[in-house]
Each structure stands twice: as structure tokens, then as C-alpha cells.
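Contents: one structure, followed by commentary.
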Amino acid sequence: VAAPKPTPRRNDSASLAKEIAEKLTYAIGKDPATARRHDWLEAVTLAVRDRIVDHWLASNSRNVQSGAKRVCYLSMEFLIGRLLRDAIINLGLSEAVRDALSAYDVDIDLLETLEPDAALGNGGLGRLAACFAESMASVGIQGFGYGIRYVHGFFRQEIVGGEQVELPENWLAHGNPWEFERRERSFEIGFGGKVTTIEEAGKPPRQVWRPAERILAVAYDTPVVGWKGTRVNTLRLWSAQALDPILLDAFNSGDHIGALLEANRAQSITQVLYPADSHLAGQELRLRQEFFFSSASLQDIIRHHLKRNGGDLSTLPDKVSIQLNDTHPAVSVAEMMRLLVDVHGLGWDESWDITKRVFSYTNHTLLPEALETWPVNLFERLLPRQMQIIYAINAQIIREATQKGLDGAKVSAISLIDEGSGRRVRMGSLAFVGSHAINGVSALHTELMKKTVFNQFHELYPERIQNKTNGVTPRRWLLECNPGLTDLVTEAIGPGFKDDITKISGIDKLADDAGFREKFMAVKLANKQRLAKTIEERLAITVDPTAMFDVQVKRIHEYKRQFLNLVETVALYDQIRSHPEIAWQPRVKIFAGKAAPSYANAKQIIHLANDVARVINADPSVQNLLKVVFLPNYNVSLAELIMPAADLSEQISTAGLEASGTGNMKFALNGALTIGTLDGANVEMLEHIGEDNIFIFGLTAAEVAARRAEGQSGREIIDASPILKGALDSISHGVFGEPGRYNNLVDNLYGNDWWMIAADFEAYWQTQRRLDALWQDSDAWGTKAVRNTARMAWFSSDRSIREYAKDIWDAPTSV
Ligand code: 26V
237 VAAPKPTPRR
247 NDSASLAKEI
257 AEKLTYAIGK
267 DPATARRHDW
277 LEAVTLAVRD
287 RIVDHWLASN
297 SRNVQSGAKR
307 VCYLSMEFLI
317 GRLLRDAIIN
327 LGLSEAVRDA
337 LSAYDVDIDL
347 LETLEPDAAL
357 GNGGLGRLAA
367 CFAESMASVG
377 IQGFGYGIRY
387 VHGFFRQEIV
397 GGEQVELPEN
407 WLAHGNPWEF
417 ERRERSFEIG
427 FGGKVTTIEE
437 AGKPPRQVWR
447 PAERILAVAY
457 DTPVVGWKGT
467 RVNTLRLWSA
477 QALDPILLDA
487 FNSGDHIGAL
497 LEANRAQSIT
507 QVLYPADSHL
517 AGQELRLRQE
527 FFFSSASLQD
537 IIRHHLKRNG
547 GDLSTLPDKV
557 SIQLNDTHPA
567 VSVAEMMRLL
577 VDVHGLGWDE
587 SWDITKRVFS
597 YTNHTLLPEA
607 LETWPVNLFE
617 RLLPRQMQII
627 YAINAQIIRE
637 ATQKGLDGAK
647 VSAISLIDEG
657 SGRRVRMGSL
667 AFVGSHAING
677 VSALHTELMK
687 KTVFNQFHEL
697 YPERIQNKTN
707 GVTPRRWLLE
717 CNPGLTDLVT
727 EAIGPGFKDD
737 ITKISGIDKL
747 ADDAGFREKF
757 MAVKLANKQR
767 LAKTIEERLA
777 ITVDPTAMFD
787 VQVKRIHEYK
797 RQFLNLVETV
807 ALYDQIRSHP
817 EIAWQPRVKI
827 FAGKAAPSYA
837 NAKQIIHLAN
847 DVARVINADP
857 SVQNLLKVVF
867 LPNYNVSLAE
877 LIMPAADLSE
887 QISTAGLEAS
897 GTGNMKFALN
907 GALTIGTLDG
917 ANVEMLEHIG
927 EDNIFIFGLT
937 AAEVAARRAE
947 GQSGREIIDA
957 SPILKGALDS
967 ISHGVFGEPG
977 RYNNLVDNLY
987 GNDWWMIAAD
997 FEAYWQTQRR
1007 LDALWQDSDA
1017 WGTKAVRNTA
1027 RMAWFSSDRS
1037 IREYAKDIWD
1047 APTSV
């Protein structure tokens, strides 16, 4: 018999309905009569997955044939969220799936909510990696995501007595239909041990690393479906396994627990995502995670290259680009050198040239406390050969700098070793010197990088730093999360904007069309009603969907200034009560976000938000004018519900501190107006949306730096502002929980006001009142809302990715 071939899946609803039933029967072992909702979810997922696999295999064989450049995106975090709707929309299966399920009286919208979020990231950096992965597939880049398959993703947040409680997250509890284990793709990863020098007659001496500990990295592949399914890329996540799952000697001698210890120790590397994005805890396990996934990814990249390119590593930079997502994979620079020099026998200079041409690095924060450094002695103990290599690179860089005439202080600024506070390896510097391109994530952030963290490096290598402003994928952040708006735009200008988001500017001219505006605001209202329902269900708080939904959702951080928003909320509460004659506009202040478990001030801010909500929501004197909501457990799925329902987006970080922001983009794309500082990508949003359609206030980055240098305190400002003073007094005097509970937060403002909360309060307050006035004029508000959606196309991650492809990767799109 001839070898049979599988028949590619068909996309009509009848074929789908039949296959869903077959999956239910033969993959899950249920019939429609006994199937539970999660069974249906799995059956649909498997049927949709089959269609993805068809495209995936086709993409993979095209990759091999074209031999085009591969882009490998190394990221410790991929905050991808749910995948079913993304796959259905990108494959164009929405109607077929809906129809197929209606035959069984099953609702796809309901099923979708049962899928767990893949929360393999903390926030902005991890979500950006997920948007980029989807955009690479959509614009036709051979993209590979490399990361870690954490068993437990970002913690689940509950609010108990107003305070954050962290609970373990368990997304793999019922299996993960999206992943494919690739047992044959596994690599050994070493830790510890010794480096020995091998001298052979007639050959230069070689260094050989003999690790004391060896662990296996096993690949799990998830398909990443691009728009229209024309390209399916791979997200490869590494899982740690012991080489010997059971130590037989120990087992046989009766030590059954001891026999498993090594396996547990190995597996612990990929057990949990570190939930901190502000402070480096400096745990050894974190450094192990970083090296583990870096080494596995590089070994995989090299193995693939050797196989496809006749064993010649000199062509690696023509065939592969590796993007380092922040410094978390920066040890890759040293590991690449080790693999090239020690393992594959290339010369040092050639290896260094290859390394620099292959790597590029994205910086995502200037906060000094978030810049990664590791103690030299820890590094040396865990990664002795990589430490030697870092010293060798350092010597070379310092030589270069001295030749160019740099003096002592400047040389120590570029050293890879910080000699100041104990000796530490500077991971940002390592990533910088090992890369041909270094980028910031907004225009302002990139300029600040040049002036601050990388000032000396920039002087030495002025061509290396460039800007790549962030973007968000319009598939997830418009088509998937806002079907109402998607349909309205389609009805108005046709479906072309789905293929090319820049065409959404076609609705700009409709901003003055009363009929269109009304429909636009009707979609907004429906989205607000949906959110109001969730608020009622989860918190038993009733909110009026016609009130202004004023939203701040993001990680809780002092620099993001949720506290400024809360102080304004309290001030507003006071003013509404003392001035009933003023035409206050009804508002719902919505907050959500997680604090790092060890970040005490951030946890206080959450507590305050919940205290303020409890008091204000119970006060009948402001009932229809002000409500405050803290939605627990902010994640990608909750964001998809919130973004389309916002009227006002709060992007109020202390200027100079938010590298870019991406939530700001999601809100504006969905027609929210922004109140924000001149920070991160807000600056560029102002340029695109126009100053009439965005509400900018507060100190600029330069003014913040100047005030900080002067060391001005907040006291004078507070004493001169009765509204601010009143609000701070009620917070510290116990109107919202025990007196003194928030002394720390409030006292900081009287002191050096590091985050410029007192300094920016007046401007923020006044801008909020301008927004109150605007809200009264619903036509004017609606016009601005439409213009926001119409003018946000540039902030698509497709645009970001095309810029990376052209300026950094030199990789073709549409292959
Ligand atoms: C930093 C650290 C510091 C050490 C401990 C573990 C850890 C984990 C993650 C991070 C990353 C923080 C940087 C970050 O998330 N930056 C955000 O990146 C977004 C995408 O570029 C950007 O929009 C946000 O403005 C920026 O805060």
C-alpha cells in the first residue's frame, strides 16, 4: 500500500462540528450527552489545533526551503494569556466555530472563559514579548520565541480585608493542549565545577568546563498563529529535568526519598516565575533560571545552524539574529563565546565578531534598583567558565576604551565589574558590549538611556543605541477584545483595516459625523455594561455604566503613581461633599494590579485603594457621583475586558521613569482618552493623536531630574494647597482605616517627595476638572474618542517588528 497522507482540515462549520464530536469521543472519551463544559473546551481546542498544525508544518517546511534569516527572541517572560480566541480569530474561524457549536447548544464565549491564562510574565515586558511573537508571525518573519515553561506562572491575587494575598497559580493542572513536548530536543545544562586547561602539543591551550551538576533542558513547543494563519511560528519553552530521575544506588539501598532529591532539585529551576519586576532579590535560583534557558536556547540555535549550513559557524550572523529581552538572558553573551571557542574550536576574535553580529539587546527600565547585577563570587561558583570569559571580554573592552583616550573614572563606568558595593557583574553592560544594536522602547526612554545608564558606552560606541518604540498587537487588543468596535469600523470603512491597521485612520473623518459618533459611544456603553456586570458579580458593587469609567490598571509601583490617583480620589470625595452646588460629573474610579510580594509600599497602596473604596462606596452622600473599584487578580484576560470599557486612561507615571507603557496604547486604540504625563510612549501618542485629544499634565523628565537634584521637599506645596492637604490629612487621620496606617506613604510626600506626587498634584487636579467639563459635552468627548482610535495605528506591534527587522535584524518580512 502507498503511504497514506493526512487530509488537511476543512474550515466549514459542518466539518468542524463533526470533528469536534470526534475529538469529544475519541480524544476525551465522552459523548455530547455527558460532556461537561471543560470537555467541550478541550474538544474545540483540539479541533482548532488541528488546523493550526496544518499551517505550522507548512511554515516549518517553508523555513527549511527558504533558508531565510531566523529571529530568536530570548525572553524570561511571555505573558500570552488565553490562546483559543486568538487562534480562532487569526484563522478566520469565528463564525464556523460558533455555528458548529450551536448544533450542540454550546456557547463558545462561555467555553473561552474556562481556558486558564498562560501568565508566564510579570507585566509590560512579558506582554510585549507575546505581542511581538504574534506580530512576527503576522508580518511573515521566521520568529522563534525562547523562554521558560514555568509550572507556576504569576501568582493569583486575592484581596482579604483590603490587603493583597498571593496564591499559587496552577495553569498546567489540567494539562495544556497547546504544547507539544519535544523529547528529542533536549540539551544538557551544567552548573558549578571546574575549568581545566588542556595542552596538546602543537595546539593552543584549550579550556574545558567540567560542571559539577548537570541538568536536562527539554523543549515544549507552542504554535504561534499569525494573522490569517499564513505563518505559524514556534514558541519554545524549556523545562528542567534530572538526567537521572532516580538515583538507583540510593533507591536500592533503601533511601527512597534521597533517590528523588536530585530530580526535585533539577526540576525546581522551572517551577516558578519570580513575581518581582522592580527589585532584584539576587536569589541563586534566579541566576540558574537565566543561565538554564540561555544555554538551552543557544545550544538549540547552534545545533540547527550546523545542521542546515554544512557545519559552518562563520555564517551564523547571516542566518540568525538573537534579541535579548532585557538583561535576563544577558549571560548568553558569555555562553555563546564558550560554545564557539571551547566547544566548537573557533578563535577568540572570530567568535567575538560573530557574537556581536548575532546579538542585540532591548533595555526596558532605567530604575537603578531594577538593573541586574550579580555578585562575582556567586557567578564564579555557579558559572566558572563564563566568569573567566566575562573577565576576558572586560579586559578587551577596557583596552579599547583606554586606546580611545578614556580616563580612570570613565573606564570604571564601562567596566563589566562594579567594584563599588562588593564586586558585581553588570548584566546591562555585558549585554551592551556583546550586541551590535541596543534599543530603548520609546523615543524619550532611548534619549535618557544615552544620557544616564549607558552614557559612557554611548560615547564610546555612538552608533549602537537606537529607538524602537513599543507596540501592541491589534488582533488581540482590538479585534479579539472589542468585537463591537471591530464590527462598527468594518461597517464604516470595510474590513481592510484588519489586514493593515493603518487603514483605521479612515474613521478619522467620521469623528465629526454625529451618527457614527453615536454608534461609537453605543459600543463603548455596551462594553461598560459588560464590565459593570463583572464588577457586580465579583465585588457586589453596583456602578452606573453611564458614569465616566476612569481606569488605572497596571503593576502597582510608586513611580506609576496609583497613590497620586488615590489622593485625587480622596480630594474629589471631600470636594463633592463640601461643594454640592458644583456640577460634579459621575465617575467610577477603577483600579487593578498586583504588587511584588516583598514590595511593602506597593502593598500599602493596594490596601489604601481598598480602604478608600470601602468608605466611599458606603457613603450615601456621593452615591451617584463617585464609586471606587479595585478589581482583584489583574491579568491579560481581565485587561481584555477592561480596555474596551474605559473612558479615561490613567498614564500618570513620574516623568522619565516609565520606559514606554503599552497599556496606554491599548486604551487609546479602544477609544479611551488619556490623562498622562510626558513620559514613555505618551510623548509619541501626543504627536500622533494631537494635543486636542490627549490630556497632558505635570513636570517633564528634565524638571523632575532638576527638582530631585535640588532635593526639594513636598511640605511647602502641601501647605499651600488646602485641597491636597485636606486629602492627605483624611488619609493619615484614619478616615480610611486605622489612624497612622498610611503614615509612611503620606510622610514621604512631606519629605523629599521622590515621586513628585505633591509637585504634580495641582496640575493633575486641574486637568481632571477639565475632563469633568468635557464629559458634560458628550459630542466633544465622542469626537476625541473616535480620533484616538483613528490615530493609534502607528502603535501596532507590526510596525515595531518591521522596524526591528529592517534596522536591527536585517531579516526579511513575508517569508
Ligand atoms: C525586572 C526585574 C528586575 C530584577 C528582578 C526581576 C525582574 C523582572 C522583570 C523586570 C523587568 C522590568 C522592566 C519592565 O517590565 N519594563 C517595562 O517594559 C515594558 C515593555 O517595554 C514597558 O512598556 C514599561 O514601560 C516598562 O516598565
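If you're matching positions, the sequence shown starts at 237 in my numbering and goes up one per residue. The beta carbon of each residue, even a glycine, is placed where N, CA and C say it ideally should be. Owing to the predicted nature of the structure, the values given are computational and were not obtained by experimental measurement.
Measuring C-alpha to C-alpha distances from PRO553 to each of LYS646, SER957, CYS308, ILE842 identifies CYS308 as the nearest. In the structure shown, HIS815 adopts coil according to DSSP, grouped into three states. Boundaries of the beta strand (DSSP E) around ASN561: 556-561. Around the Cβ of ILE493, a 10 Å sphere holds fewer than 16 other Cβ atoms; the residue is exposed. Setting aside the 5 residues that flank it on each side, ASN630 is surrounded in the same chain by SER651, LEU652, ILE653, each with a C-beta closer than 7 angstroms to its C-beta; the list follows chain order.
For GLY899 and PHE368, the gap between their C-alpha atoms comes out near 15 angstroms. With a cutoff of 6 angstroms, THR898 counts as near the ligand 26V, since its C-beta is closer than that to a heavy atom of the ligand. The beta carbon of GLU894 is closer than 6 angstroms to those of ASP915, GLY916 in its chain, skipping five residues each way along the sequence. Of GLN765, ASN906, SER857, the smallest CA-CA separation from MET879 is found for ASN906. One Cα belongs to LEU724, the other to ALA938, and the distance between them is close to 42 angstroms. In terms of Cβ geometry, GLN393 and ALA304 do not form a close pair [threshold 7 angstroms]. DSSP places ASN247 outside both helix and strand once states are collapsed to three, so it counts as coil. When secondary structure is reduced to three states using DSSP, GLY317 falls in the strand class. A residue is called buried when at least 16 other Cβ atoms come within 10 angstroms of its Cβ; TYR510 meets this threshold and is buried.
CA-to-CA, the gap between ARG421 and ARG544 works out to about 16 angstroms.
Only exposed fits GLU923, as fewer than 16 other CB atoms lie within 10 angstroms of its CB. With fewer than 16 other beta carbons inside 10 angstroms of its own, TYR262 counts as exposed. In this structure, DSSP gives HIS793 a state outside helix and strand, which the three-state scheme calls coil. Taking a cut-off of 8 angstroms on C-beta distances, the segment 531-541 does not touch the segment 270-284, as fewer than three cross pairs fall below it.
The nearest non-hydrogen atom of the ligand 26V is less than 6 angstroms from the C-beta of LEU516.
According to the DSSP assignment, LEU909 belongs to no alpha helix (DSSP H) but to the beta strand (DSSP E) extending over 909-912. Non-local C-beta neighbours of GLU920 in its own chain, meaning closer than 7 angstroms and more than five positions away in sequence, comprise SER678, ALA679, THR705, ordered along the chain. For THR609, the secondary structure class from DSSP, reduced to helix, strand or coil, is strand. Put simply, the backbone Cα of SER531 is about 7 angstroms away from that of GLU571. In the three-state reduction of the DSSP assignment, CYS717 falls in the coil class. Placement of the Cβ of THR270 at a distance of 6 angstroms or more from every heavy atom of the ligand 26V is found. Apart from the 5 residues on each side of it in sequence, PHE314 sits with its Cβ closer than 8 angstroms to the Cβ of ALA354, LEU356, GLY357, GLY362, ALA365, ALA366, ALA369, GLY381, GLY383, LEU471, LEU473 in its chain, given in chain order. Restricting attention to beta strand (DSSP E) runs no shorter than 3 residues, the segment 432-488 encloses them at 442-446, 449-461, 468-478, ordered along the chain. The Cβ-Cβ distance between LEU715 and ILE325 falls below 7 angstroms.
Excluding residues up to 5 positions away in sequence, SER422, SER475, GLN477 lie with their Cβ nearer than 6 angstroms to the Cβ of VAL454 in the same chain. Taking a contact as a CB-CB distance under 8 angstroms, the pair HIS681 and ALA606 does not count as one, their CB atoms being some 13 angstroms apart.
Fewer than three Cβ pairs drawn from the segment 940-951 and the segment 795-815 lie within less than 8 angstroms of each other, which leaves the two stretches out of contact.
Collapsing the DSSP output to three states places PHE416 in a strand.
When the five nearest sequence neighbours on each side are left out, the beta carbons in the same chain lying within less than 7 angstroms of the beta carbon of TYR978 are those of GLN840, LEU844, ILE967, SER968, in order along the chain. Sixteen is the threshold: since fewer than 16 other Cβ atoms of the shown chains lie within 10 Å of the Cβ of GLN1012, the residue is exposed.
Using a Cβ distance threshold of 7 angstroms, VAL789 and TYR870 count as a contacting pair.
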